[in-house]
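What follows is a short report on a single structure.
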(Lines of atoms letter the chains of each structure in order from A; the text may use other names.)
(Lines give C-alpha, C1' and ligand atoms only; values in the text may rest on other atoms or scores of the structure.)
Protein backbone atom coordinates (compact mmCIF):
# COMPACT_ATOMS: atom_id res chain seq x y z
CA UNK A 1 0.00 0.00 0.00
CA UNK A 2 1.23 3.51 -0.86
CA UNK A 3 0.63 6.53 1.40
CA UNK A 4 0.98 10.26 0.78
CA UNK A 5 1.77 13.07 3.21
CA UNK A 6 0.54 16.58 2.44
CA UNK A 7 3.06 17.95 4.95
CA UNK A 8 6.12 16.40 3.31
CA UNK A 9 4.75 16.13 -0.25
CA UNK A 10 6.23 12.62 -0.34
CA UNK A 11 4.90 9.09 -0.69
CA UNK A 12 5.58 6.17 1.63
CA UNK A 13 5.33 2.42 1.10
CA UNK A 14 4.21 -0.18 3.63
CA UNK A 15 7.14 -2.37 4.59
CA UNK A 16 9.72 0.04 3.20
CA UNK A 17 9.21 3.02 5.52
CA UNK A 18 9.14 2.15 9.21
CA UNK A 19 7.71 5.53 10.18
CA UNK A 20 5.31 7.81 8.34
CA UNK A 21 4.05 11.32 9.10
CA UNK A 22 0.81 11.44 11.05
CA UNK A 23 -1.00 13.05 8.11
CA UNK A 24 -0.12 10.23 5.66
CA UNK A 25 -3.20 8.92 3.85
CA UNK A 26 -3.64 5.93 1.57
CA UNK A 27 -3.28 6.83 -2.11
CA UNK A 28 -4.19 4.64 -5.07
CA UNK A 29 -1.55 3.66 -7.59
CA UNK A 30 -3.59 5.39 -10.31
CA UNK A 31 -3.64 8.69 -8.40
CA UNK A 32 0.07 8.34 -7.63
CA UNK A 33 0.87 7.91 -11.33
CA UNK A 34 -1.44 10.74 -12.47
CA UNK A 35 -0.40 13.29 -9.85
CA UNK A 36 3.12 12.39 -8.73
CA UNK A 37 4.66 9.76 -11.01
CA UNK A 38 3.68 11.32 -14.35
CA UNK A 39 1.89 14.64 -13.83
CA UNK A 40 0.46 16.56 -16.77
CA UNK A 41 2.78 19.25 -18.10
CA UNK A 42 2.16 22.71 -16.70
CA UNK A 43 0.17 21.52 -13.69
CA UNK A 44 1.08 21.82 -10.02
CA UNK A 45 0.08 19.74 -7.02
CA UNK A 46 -2.60 20.76 -4.56
CA UNK A 47 -4.48 18.83 -1.88
CA UNK A 48 -8.10 18.17 -1.02
CA UNK A 49 -9.62 18.38 2.48
CA UNK A 50 -8.54 14.79 3.20
CA UNK A 51 -4.91 15.48 2.22
CA UNK A 52 -5.06 13.64 -1.10
CA UNK A 53 -3.07 15.24 -3.91
CA UNK A 54 -4.56 16.43 -7.19
CA UNK A 55 -3.34 18.63 -10.04
CA UNK A 56 -4.34 22.22 -10.72
CA UNK A 57 -3.30 24.99 -13.06
CA UNK A 58 -0.66 27.18 -11.46
CA UNK A 59 -1.90 30.52 -10.19
CA UNK A 60 -1.51 33.36 -12.66
CA UNK A 61 1.27 35.69 -11.58
CA UNK A 62 0.29 39.29 -12.09
CA UNK A 63 3.49 41.32 -12.22
CA UNK A 64 3.69 44.23 -9.81
CA UNK A 65 4.24 47.77 -11.10
CA UNK A 66 7.85 47.43 -9.93
CA UNK A 67 8.23 44.18 -11.93
CA UNK A 68 6.82 45.84 -15.03
CA UNK A 69 9.05 48.90 -14.65
CA UNK A 70 12.14 46.72 -14.13
CA UNK A 71 11.36 44.62 -17.21
CA UNK A 72 10.65 47.62 -19.45
CA UNK A 73 13.78 49.39 -18.21
CA UNK A 74 15.85 46.33 -19.12
CA UNK A 75 14.33 46.32 -22.63
CA UNK A 76 15.04 50.04 -23.01
CA UNK A 77 18.65 49.67 -21.86
CA UNK A 78 19.28 46.76 -24.23
CA UNK A 79 17.91 48.86 -27.08
CA UNK A 80 20.08 51.86 -26.15
CA UNK A 81 23.15 49.62 -26.04
CA UNK A 82 22.26 48.06 -29.40
CA UNK A 83 21.87 51.46 -31.05
CA UNK A 84 25.20 52.63 -29.58
CA UNK A 85 26.68 49.45 -31.05
CA UNK A 86 25.65 50.65 -34.52
CA UNK A 87 28.56 53.09 -34.25
CA UNK A 88 30.93 50.57 -32.63
CA UNK A 89 30.46 51.77 -29.04
CA UNK A 90 30.40 49.03 -26.44
CA UNK A 91 27.51 50.62 -24.50
CA UNK A 92 25.20 53.59 -24.16
CA UNK A 93 27.54 54.99 -21.52
CA UNK A 94 30.60 55.05 -23.74
CA UNK A 95 28.68 56.64 -26.60
CA UNK A 96 27.02 59.36 -24.53
CA UNK A 97 30.25 60.19 -22.69
CA UNK A 98 31.81 61.21 -26.01
CA UNK A 99 29.62 64.34 -25.87
CA UNK A 100 31.90 65.74 -23.16
CA UNK A 101 35.16 65.31 -25.05
CA UNK A 102 36.15 67.66 -27.87
CA UNK A 103 37.15 65.78 -30.96
CA UNK A 104 35.83 63.95 -33.99
CA UNK A 105 33.35 61.81 -32.03
CA UNK A 106 31.87 64.58 -29.89
CA UNK A 107 28.93 65.25 -32.23
CA UNK A 108 27.99 61.54 -32.24
CA UNK A 109 28.03 61.64 -28.45
CA UNK A 110 25.84 64.76 -28.35
CA UNK A 111 23.32 63.33 -30.78
CA UNK A 112 23.23 60.01 -28.95
CA UNK A 113 22.91 61.60 -25.49
CA UNK A 114 20.02 63.82 -26.63
CA UNK A 115 18.34 60.85 -28.32
CA UNK A 116 18.84 58.71 -25.20
CA UNK A 117 17.15 61.42 -23.09
CA UNK A 118 14.23 61.49 -25.54
CA UNK A 119 13.95 57.69 -25.31
CA UNK A 120 13.98 57.82 -21.52
CA UNK A 121 11.25 60.48 -21.50
CA UNK A 122 9.13 58.45 -23.93
CA UNK A 123 9.60 55.36 -21.76
CA UNK A 124 8.72 57.29 -18.57
CA UNK A 125 5.52 58.55 -20.21
CA UNK A 126 4.65 55.06 -21.39
CA UNK A 127 5.22 53.71 -17.87
CA UNK A 128 3.03 56.47 -16.40
CA UNK A 129 0.28 55.52 -18.85
CA UNK A 130 0.60 51.84 -17.88
CA UNK A 131 0.47 52.65 -14.16
CA UNK A 132 -2.55 54.92 -14.73
CA UNK A 133 -4.31 52.08 -16.55
CA UNK A 134 -4.70 54.08 -19.76
CA UNK A 135 -2.70 51.56 -21.79
CA UNK A 136 -1.67 47.92 -21.57
CA UNK A 137 1.85 46.83 -20.75
CA UNK A 138 3.70 46.93 -24.06
CA UNK A 139 5.60 44.03 -25.53
CA UNK A 140 9.31 44.52 -26.19
CA UNK A 141 8.58 45.30 -29.83
CA UNK A 142 5.83 47.79 -28.92
CA UNK A 143 8.17 49.61 -26.55
CA UNK A 144 10.91 49.88 -29.17
CA UNK A 145 8.44 51.17 -31.79
CA UNK A 146 7.21 53.83 -29.32
CA UNK A 147 10.73 55.28 -29.01
CA UNK A 148 12.14 58.00 -31.23
CA UNK A 149 14.51 56.99 -34.02
CA UNK A 150 18.06 58.30 -33.82
CA UNK A 151 19.35 60.48 -36.63
CA UNK A 152 23.10 59.97 -36.56
CA UNK A 153 25.42 62.66 -37.88
CA UNK A 154 27.88 61.64 -40.58
CA UNK A 155 30.46 59.22 -39.18
CA UNK A 156 33.86 60.73 -38.40
CA UNK A 157 35.52 57.44 -39.33
CA UNK A 158 37.17 57.76 -42.75
CA UNK A 159 35.57 55.73 -45.53
CA UNK A 160 37.29 52.39 -45.92
CA UNK A 161 38.72 52.47 -42.38
CA UNK A 162 35.95 50.39 -40.90
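Numbering (full-length UniProt numbering), first residue to last: 1 to 162.
C-beta atoms are modelled at their ideal positions from N, C-alpha and C, and glycine is treated no differently.
Practice problem: Compute the distance between the beta-carbons of residue 135 and residue 147, then report whether it is under 9 Å. | Solution: No; because the gap between Cβ atoms is not below 9 Å, this pair is not in contact.
Quiz item: When the Cα atoms are used, what is the spatial distance from residue 110 to residue 62?
Solution: Cα to Cα, residue 110 sits roughly 40 Å from residue 62.
Quiz item: If you count every other CB in all the chains shown that lies within 10 Å of the CB of residue 70, and 16 or more means buried, which is it?
Solution: When all chains shown are included, residue 70 counts as exposed.
Quiz item: From 121, 128, 87, pick the residue whose C-alpha is nearest to that of residue 108; which is it?
Solution: Nearest option by C-alpha distance: 87.
Quiz item: Which stretch, first to last residue, makes up the beta strand (DSSP E) that contains residue 44?
Solution: Run containing residue 44: 44-47, per the beta strand (DSSP E) assignment.
Self-check item: 7 Å CB neighbourhood of residue 24 in its chain, flanking five on each side removed
Solution: These residues qualify, in order along the chain: 3, 4, 5, 12.
Quiz item: Does the Cβ of residue 161 have 16 or more other Cβ atoms within 10 Å, making it buried, or fewer, making it exposed?
Solution: With fewer than 16 Cβ atoms within 10 Å of its Cβ, residue 161 is classed as exposed.
Practice problem: Figure out for me which residue from 104, 145, 114 has the closest Cα to the Cα of residue 158. | Solution: Ranking 104, 145, 114 by Cα distance to residue 158 puts 104 first.
Exercise. Quick one: measure Cβ to Cβ for residue 46 and residue 56, integer angstroms, because I've assumed they're closer than 8 Å.
Key: Here residue 46 really is in contact with residue 56; their C-beta atoms are around 5 Å apart, less than 8 Å.
Quiz item: Can you list, in chain order, the stretches of the beta strand (DSSP E) that have 3 or more residues and sit fully within the segment 70-154?
Solution: Whole beta strand (DSSP E) segments, 3+ residues: zero.
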